[in-house]
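Novice:
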Amino acid sequence: MAEVEDIINPRGGRFRRNGRFIVLAVIVALLFGLLSLRGVASFYTDYLWFDALNRASVWRQVLGAKIVLTLIFGAFFFVLMWVNLLISDRSAPTHRPPGPEEELIARYHTAIGGRYFLVRTVVSLLFTMVASAGVPSQWEEWLLFVNRKEFGISDPQFGADIGFYVFQLPFLSYVVGWAFAAFVIMLIVTALSHYLNGSVRISVIGGERAKPIVKVHLSAILAVLAVIKALDYWLARYELTTSTRGVLDGAFYTDVNAQLPALYLLIAISLCAVVLLVVNLWRRGWTLPVLAVGLWAFVAIVVGGIYPVFVQRFQVDPNETAREADFADRNIEATRHAFGLEDMTVNPFDYSEVLTPDQIRANAVTVQNARILDPVTVHPTFERFQAERGFYRFLGEDALPGTEALEPTLDTDRYVVDGELRQVVLGARELAGEDTANWERRHVRVTHGYGLAMASANATTDEGRPDFLVSTITNDVDDSLDLDFGVPQIYHGEDMGGYSLVGTTVDEVDYVANDGGDVLGNYSGSAGVKLGGIVRQLAFALRFGQIEPLISNFINNDTRVIYVRDVRDRVEKLAPFLQFDSDVYPVIFDERIHYVIDAYTTTDRYPYSQRSENDRLQRGGLAGPRFNYVRNSVKAVVDAYDGDVSFYVMPVEDPIIEAWRSAFPSLFSDFSEMPDELKDHLRYPQDLFRVQTNMYSTYQIENPVSLLVGTERWAVAQDPGRSVSAGGTLESSVDEQGIVTVREQRVSPYYTLLQLPGEDDPSFVTLRSFVPYDENDDRKELEAFMVGETHPDGSSRLVTYELTSSTAPGPVLVASGIAQTEEITARLTLLDQAGSQVDFSDLVMLPIDNSILWVRSLYVSAEGTSVPNLEFVIAAIVGETQQIGLGRNLNEALQQLFPGEDFSDIVGEALGDVSGADLAEDDGDGDAGDPDRPATADPDETPAPADTRAPDDTPAPDVESPETLVELLTELDRQFRLSQEALAADPPQRSAWAAAQDRIDELLAQFRSLATGG
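Counting with our numbering, you get residues 14 to 1027 for the letters of the sequence shown.
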C-alpha cells in the first residue's frame, strides 16, 4: 500500500525517507556533540589543573610542540599533494579515447562538474589528516632534537657523539620514514587521479595506455622515493650500533663486515635508481623504472638479507670468540657506563664462619637495626590495629614471587629515635576505597586519608606485635621519636582516584572519636581548582560523568575540586617523558606527609649497550619498554596536603635530563633547593638497583672472551620465600621468542641500616646477593653481595663485596638449614598441629666484619585470625657448620649463639612498651579496622587461656614434668595451644603467653635431653 502511495504521491514517500534520515542524523550529531563536549571539558579542565599547580607553561609547551609538528608536516604534505593533483588535472587529455572505463570516468566528471579546485582541496585535506595522524605523538623526540646535548663520548664504530644517537637519530629516522610513506601515498593517489582524468587506461583500443606526462610525473615521484630510501639506508648504518643480531647487543662482526657493506651498496643502488628514473623523464616506456626497482629489490634481498645470515652462520658461529672479542669489549664498556656500573667499588670479602661477641658489639649499629619486623607480614597487623572502621587502609604493593600479582606491603625508612638513627616500618593511612553508592560521602564528607602509623623495625611488644612509634587515629607520637607532625590529612596519595570537593557548605570527616562521634575539619590549603561559575561546573560534570558538580547544594563560591589525586598519576601527567619507580614512599617533614617518587631518564639508543632484562623486574616502574641506558636523575616530591609537586634534579651527569630542563625550565628545581629534612630520607631506588644487579651479574666480567663464553657469570641469589618448607620459590618468564623459562625466584633487594665492613658510620643501603651462574640453577653458594646508597648530598654509590671463599652458603641454603633445625622443626610441627598459620619473614643478611649474621623472624597467626604475631627470632651463622639460635627477641637468639653473653646493652630486650596506646586496641574506633571485632571489648569476658595460669602478674604454679616421650609431646602440644589462645584473646593475655613460651623452652630442652640419651 505504501508503494501505491509513493507512486501516487512520490514527494510524500521521499519526504518520509528523508525524515528518517534526518532523525538518524540528528541522533548521531547529538552523540558526537556529547562526546566532543566531554573531550573539550577534559581539555579545558586539564589546563585548569596545570594552571592550579603553576605549571600552565608546561601544558602550553607540550600542546605547542604538538601543534607545530602537525602544522609543519601537514602543510608539507598538503601542498605537495595539492600540487600533484593540480598537475594531474592540468595534464588531462581534452579527448579521451574510447574504452571499457569510459563510462566510469564520464560519471566521475559529471559528478564533480567543474569543481576541480574543491575536489583537489578536499582530497588533499583528507589525506593530510591521515598522514598527520601520528605526528603529534613525536613531540618528545622533537623537543629532545631541538634541545639536544652532547654526552662527550663517541661511539667506537662511526665516531659520532652519543648525543647524536639519543637526541637526533630517533627524530631523523621518523622524518625519513614518514616522508617515504607520504610519497607512497602521493604516488598512489596521483596515479589514481591520472586514471580518473583519462590519462591512464587499463584496457585501451589502440593508442597508449598512459600519456607521456604520466610517465614523467610518476618517474619524478619514484625518483624522490629513491632519494628518501638512500637517506633511510644512510641512517640505518647508525642503527646497527644497537643491533640485536648476536648474543650481545651492538654492531658485531656480521653487522660491521656484512650488513654495513650491504647498506653502502644499497645506498649506491638507490642513487643509481634516482639517475635511471631521472633519465627516464626523457625516454619513452617504463623499462628504466622497472629495471631500477628490480635491481633494488634483488640487492635488498640477496645482499641485505641472505649475505649477512651466511656470514653469521659460516664465519662467526664456528669461531665466535676470535671474531667477536673486540666488539664484546665495546659492549662491556658501553653497558657499564650506560647503567652506572663503571664507578662500582669492588671490595674483597674474606669470609669466615667465626663471629665473636666482640665483633657483635663493635658492629652495634648493624645489630641494633636488624629488621625483625617484616613489612609484608605485619601489614595485616597495621590494618587491624591502626586503620579505622573501614575508612582507611595502608597502601603499598610488592611483587608476589613467581607471578605478576601484587601483595600489600609497608615501607621502611630511618628516623631519629632516642637520639640515634633507627630503622622503622611505616605506612600512610589512606582512604579505603570509593563508596560509589553515596556521592556525598565519597566526594564531600570522607575526602582524605589521615596520618600514618610507624613502628620500630627491630622491636616488638610482648605479644609479638609492632612497637608503634606513631599510633592511633589521632597520630600519637612517642616521646622517643624526634618528629613534628601537625598536618596529618592526606588529600593526595597512592592509588587515590576520583575527586573531592573541599570548601563546601558542610564539614569534612577527619576520623571517628572514642565516643563514636565524627571529628570534623575543613580544608585550608591551596590544592585544587575553584569551581567558580556555571561554565566550570558544567566542565567538571562532563569530565567526571556526574551531574552533581553542576546541581549540588553543597557547592559555594569557595568550593574547590581536587582531582588527579594519585601521586603517581600526578607526576606522570606533569612529566610523561620520565619513568617512575614502582615504590612510592612517604616521608614526614615540615609537619606533614610528602610522597617521594624516584624518576628515571631512559633510552634504548645507547650504542653497544646491552638492553635491560625487563621480564625480571617488578611490574610497573622500569618494567615497561626495554632500555639500554638509565639514570636516577630526578626525585619527585608530592605534598600530600596541598598536592604541590617538585622535581629535584639530582647531581648526576645525565645529558637527557639537561635536555628536558632546557625544554621545560620551570618544571625542574636544583637539588640545592630540596629541604634538608627531605635529604636525610633519600634512599637508593630499588627498581634501579634491580636493573643494575641483574646487569652486573653478567657485566662484572671485564674479559670479553669470558663474557662470550659465560663461564664467570653470576646470578642474583635464589629467594627462599616465606614458606616454612625448605627450598626456594619458582617463577616463570616468557622471552621475546615466546619461550617459557621456569626457575627459582630471585631474592628481592631490601633496605637495611648497617655499618658496612671497614667503615665506621652507619649507612642506609639496599642490599642484594649473588650466587654462581648455573644453567640448571643448582649453584646456591654465596658469591658476592652488592649495596646501593644515596647520601644526603645527593651523591650515590654502589659497592660490591666479592667473597674469597666458596664455602659461604647463599640465602636458600641458609633458609633450608634453619627450617631443618631440630628444635625449629619440632616447634613448626606443633604449631601446624594446633592449626596455626606459620610464615617466615624475609631472610636478612647482616655483614659483620668478615663474617655474616643471618636473621629471620617467624610469625604465627592463630587459628581463626589473620593477624600474625612474632613467635620467635632466629639468628644464624652458617658455613660448613651451622650455629642457630632462637628466642623471643634478638637478644635471646644471640644468647643462644653465644652462651653466657648478654647483648641487652646493644639490642635491649627488643620488647617495646606494651601499653594500650602502642597497640591501639581501643584507639577511638572500636573495631580498629576489623569488621568482625566488637565495637568494645571487655577483657573480663575473655576466658583465661589455661587452668594452670594465674592472674596477670602472678607466677604460675609448678607443673610436674612429663617423664615419657609421649607425655612430653602431649604437654608441648598443650602449651602451644595455650600460647595461641593467649594471643587470640581480646585483649591478648600477655603474661599467659610469656609463661607458655617459657614452659615450651623447658620442654624442648627436656626433649633434646631425651633425644641424646642425657
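Backbone N, C-alpha and C fix where the C-beta goes; we use that ideal spot for every residue, glycine too.
Apart from the five residues on each side of it in sequence, which residues of its chain come closer than 8 angstroms, Cβ to Cβ, to residue 806?
Specialist: Result list for residue 806: 664 and 692, in chain order.
Novice: The alpha helix (DSSP H) that contains residue 670, what's its start and end?
Specialist: Note, residue 670: alpha helix (DSSP H), 668-676.
Novice: Using only alpha-carbon positions, find the residue among 369, 603 and 456 that is nearest to residue 688.
Specialist: Among 369, 603 and 456, the Cα nearest to that of residue 688 belongs to 603.
Novice: Shortest alpha-carbon distance to residue 659 belongs to which of 281, 345, 647 and 667?
Specialist: It is 647 whose Cα lies nearest to the Cα of residue 659.
Novice: Would you call the region 825-832 in contact with the region 338-345, where contact means no fewer than 3 C-beta pairs closer than 8 angstroms?
Specialist: Touching, no, given that fewer than three Cβ pairs across the two stretches are closer than 8 angstroms.
Novice: So, using beta-carbon positions, are residue 428 and residue 496 closer together than 9 angstroms?
Specialist: Contact flag set, yes.
Novice: Once DSSP output is grouped into helix, strand and coil, what is the label at residue 517?
Specialist: Three-state DSSP puts residue 517 in coil, outside helix and strand.
Novice: Can you give me the start and stop residues for the alpha helix (DSSP H) that residue 393 sits inside?
Specialist: Element bounds for residue 393: 392-399.
Novice: As a quick exercise: from 129, 140 and 470, pick the residue whose alpha carbon is nearest that of residue 89.
Specialist: Per the Cα distances, 140.
Novice: Alpha carbon to alpha carbon, how far is residue 63 from residue 512?
Specialist: Answer to the nearest angstrom: the Cα atoms are 16 angstroms apart.
Novice: Compare the beta carbon distance of residue 709 and residue 720 with 9 angstroms and say whether it is the shorter of the two.
Specialist: In this structure, residue 720 does not lie closer than 9 angstroms to residue 709 by Cβ.
Novice: Am I right that residue 705 and residue 352 are in contact with their C-beta atoms under 8 angstroms? What's the rounded C-beta distance?
Specialist: Indeed they touch by this definition, with Cβ atoms about 6 angstroms apart.
Novice: When DSSP builds the beta bridges, which residues end up paired with residue 615?
Specialist: DSSP, once it has assigned bridges, lists 643 as partnering residue 615.
Novice: Distance, Cα to Cα, residue 227 vs residue 117?
Specialist: Taking the straight line joining both Cα atoms gives about 20 angstroms.
Novice: Taking buried to mean at least 16 other C-beta atoms within 10 Å of its own C-beta, is residue 333 buried or exposed?
Specialist: Counting Cβ neighbours within 10 Å, residue 333 comes out buried, since at least 16 surround it.
Novice: Quick check: what's the CA-CA separation for residue 595 versus residue 650?
Specialist: Whole-angstrom Cα-Cα distance: 14 angstroms.
Novice: Smallest Cα separation from residue 892: which of 368, 568, 290 and 182?
Specialist: Measuring from the Cα of residue 892, the nearest candidate turns out to be 368.
Novice: For residue 938 and residue 526, I'd like the C-alpha separation in whole angstroms.
Specialist: Only weak support exists for where residue 938 lies, its pLDDT of 42 falling under 50; the value from the coordinates is given anyway. The straight-line gap from Cα to Cα measures roughly 7 angstroms.
Novice: Compare the C-alpha of residue 1020 against each of 812, 229 and 835 and name the closest.
Specialist: It is 835 whose Cα lies nearest to the Cα of residue 1020.
Novice: Buried or exposed: residue 476, going by 16 or more other Cβ atoms within 10 Å of its Cβ?
Specialist: Buried: at least 16 other Cβ atoms inside 10 Å.
Novice: Short check: CB of residue 617 to CB of residue 644, under 9 angstroms?
Specialist: No.
Novice: Given this structure, state the Cα-to-Cα distance separating residue 134 from residue 95, to the nearest angstrom.
Specialist: Near 7 angstroms, if we compare the C-alpha coordinates of residue 95 and residue 134.
Novice: For residue 794 and residue 623, what's the separation of their Cα atoms in angstroms?
Specialist: Cα-Cα distance, rounded: 27 angstroms.
Novice: Just confirm the distance between the C-beta atoms of residue 260 and residue 619, as a whole number of angstroms; I'd bet it's less than 8 angstroms.
Specialist: 18 angstroms between Cβ atoms; not a contact.
Novice: Who are the Cβ neighbours of residue 238 in its own chain at under 8 angstroms, not counting the five residues just before and after it?
Specialist: So the list reads 193, 196, 197 and 200, once near-sequence residues are dropped.
Novice: Please check the pair residue 267 and residue 641, which I expect to be a contact at CB under 8 angstroms, by giving their CB distance rounded to whole angstroms.
Specialist: Not quite, the Cβ-Cβ distance comes to about 19 angstroms (not below 8 angstroms), so this is no contact.
Novice: I want to know whether the region 264-280 touches the region 306-324 - three or more CB-CB distances under 8 angstroms.
Specialist: Cβ pair count under 8 angstroms is three or more, so yes.
Novice: By DSSP, does residue 189 sit in helix, in strand, or in coil?
Specialist: Helix at residue 189.
Novice: Do residue 247 and residue 290 have their C-beta atoms within less than 9 angstroms of each other?
Specialist: Contact flag unset, no.
Novice: Keeping to the same chain, check which residues put their C-beta closer than 8 angstroms to that of residue 787; ignore five residues upstream and five downstream.
Specialist: If we look at residue 787 and ignore the five residues flanking it on each side, its Cβ neighbours are 728.
Novice: Take the Cβ of residue 694 as the centre, count every other Cβ of all protein chains shown within 10 Å, and call the residue buried at 16 or more, exposed below.
Specialist: With 16 or more Cβ atoms within 10 Å of its Cβ, residue 694 is classed as buried.
Novice: For residue 538, which of helix, strand or coil comes out of DSSP?
Specialist: It is coil, neither helix nor strand.
Novice: Taking 8 angstroms as the threshold, find out whether the region 152-162 comes into contact with the region 603-612 through three or more Cβ pairs.
Specialist: With the cut-off at 8 angstroms, the region 152-162 and the region 603-612 do not touch.
Novice: Would you mind stating whether residue 503 and residue 441 have Cβ atoms separated by less than 9 angstroms?
Specialist: The answer is yes: Cβ separation under 9 angstroms.
Novice: Which residue marks the beginning of the alpha helix (DSSP H) containing residue 347, and which one marks its end?
Specialist: Run containing residue 347: 333-351, per the alpha helix (DSSP H) assignment.
Novice: Looking at the secondary structure, which residues open and close the beta strand (DSSP E) in which residue 80 lies?
Specialist: No beta strand (DSSP E) holds residue 80; the alpha helix (DSSP H) holding it covers 69-103.
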